Amino acid sequence: MNIEIIYQNIRSQGGRITKIRDALIKIMLEDDCLISSSKLLLCLKKSKLEPNRSTIYRELQFLSKNNIITKNIIAGNNYYEINLHHKNLVNISLGSCKKRKQKCVNNNCHHELNNKHHHHHHLVCLECNSIIKVEMENHLEKQEQKLAKKNKFNIVNHSLDFYGYCQKCQAQLKL
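Each residue of the sequence shown is one higher than the last, beginning at 2 in my numbering.
Here you go:
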């Protein structure tokens, strides 16, 4: 993985590599699952960095504004992904996700890495807010290309989420 590509992108947009920014990027690169802002804060504290929540949100806003990460809204919550669709970032290779399912808490920001070559979507449980990553077949990508061509539109990203009830909640709710 070449983290320098991300740093060069930040610098080219007038940004600095602060300790907090550096740590956030490294944490997100280490684990490509959903990461809540609370978990990011805990990880930073373990690294002997103790920023307050507003600092983390400002850093996420900076990274989002400068196209380093993208923001998605899933089940009313904000999620961020490192933007590997950006032309300068596509060479970064990521490890596989350690956890395929991650709970998300209402009104909590979550952060996730996004690998262009492993684009995924989500199954979101309306009861417990668990989120499961799912891979879609190539026909969805072909539909996206046809849609872009037909409308003469340059699609740079998309988000597709399915809402319903996980197996555990179906049993509890007797669905």
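Backbone N, C-alpha and C fix where the C-beta goes; we use that ideal spot for every residue, glycine too.
These figures come from a predicted structure and were not determined experimentally.
1) For His-159, which option in Lys-151, Ile-75, Lys-175, Gly-15 has the closest C-alpha, if you only look at C-alpha atoms?
2) Tell me which residues share the same chain as Glu-145 and place their Cβ nearer than 7 Å to its Cβ, disregarding the 5 neighbours each side in the sequence.
3) Return the residue from the list Ser-39, Lys-49, Ser-48 that minimises the CA-CA distance to Ser-55.
4) Let's see if you can read the secondary structure: which residues bound the alpha helix (DSSP H) around His-140?
5) What does the Cβ neighbour count give for Ile-36, buried or exposed, with the cut at 16 atoms within 10 Å?
6) Under 8 Å by Cβ, that's how I've got Asn-67 and Ile-11 pegged, so tell me the actual separation to the nearest angstrom.
7) Going by DSSP, what residue range makes up the beta strand (DSSP E) through Tyr-164?
8) Taking 7 Å as the limit between beta carbons, can you name the residues of its chain near Leu-41, skipping five residues before and five after?
9) Please classify Lys-20 as buried or exposed, where buried requires at least 16 other C-beta atoms within 10 Å of its C-beta.
10) Under the three-state reduction of DSSP, which class applies to Ser-38: helix, strand or coil?
11) Report the residue from Lys-47, Ile-69, Lys-46 whose alpha carbon sits nearest the alpha carbon of Ile-6.
12) When we look at the beta-carbon of His-140 and count the other beta-carbons within 10 Å, is it buried (16 or more) or exposed?
13) Considering only residues of the same chain and omitting the five flanking positions on each side of Tyr-166, which have a CB-CB separation below 7 Å?
14) With 16 as the cutoff for other CB atoms within 10 Å, does Tyr-80 come out buried or exposed?
15) Among Leu-45, Glu-82, Ile-132, Phe-154, which has the Cα closest to the Cα of Gln-62?
16) Assign Lys-175 to one of three DSSP states: helix, strand, or coil.
17) Use the C-beta contact count for Arg-22: other C-beta atoms within 10 angstroms, 16 or more gives buried, fewer gives exposed.
18) With C-beta atoms as the reference, is Glu-142 less than 8 Å away from His-121?
On the basis of the supplied data:
1) Ile-75
2) Ile-156, His-159
3) Ser-39
4) 139-152
5) The residue is buried, with at least 16 neighbouring Cβ atoms inside 10 Å.
6) Confirmed, about 7 Å.
7) Run containing Tyr-164: 162-165, per the beta strand (DSSP E) assignment.
8) So the qualifying residues of the chain are Leu-25, Ile-28, Ile-57, His-112.
9) Per the 10 Å Cβ criterion, exposed.
10) helix
11) Ile-69
12) exposed
13) Around Tyr-166, the same chain offers Cys-126, Leu-127, Glu-128, Leu-174, Leu-176 as residues with beta carbons nearer than 7 Å, after the five sequence neighbours per side are excluded.
14) Burial call: buried.
15) Glu-82
16) DSSP, reduced to helix, strand and coil, places Lys-175 outside both helices and strands of the structure shown, so it counts as coil.
17) buried
18) no
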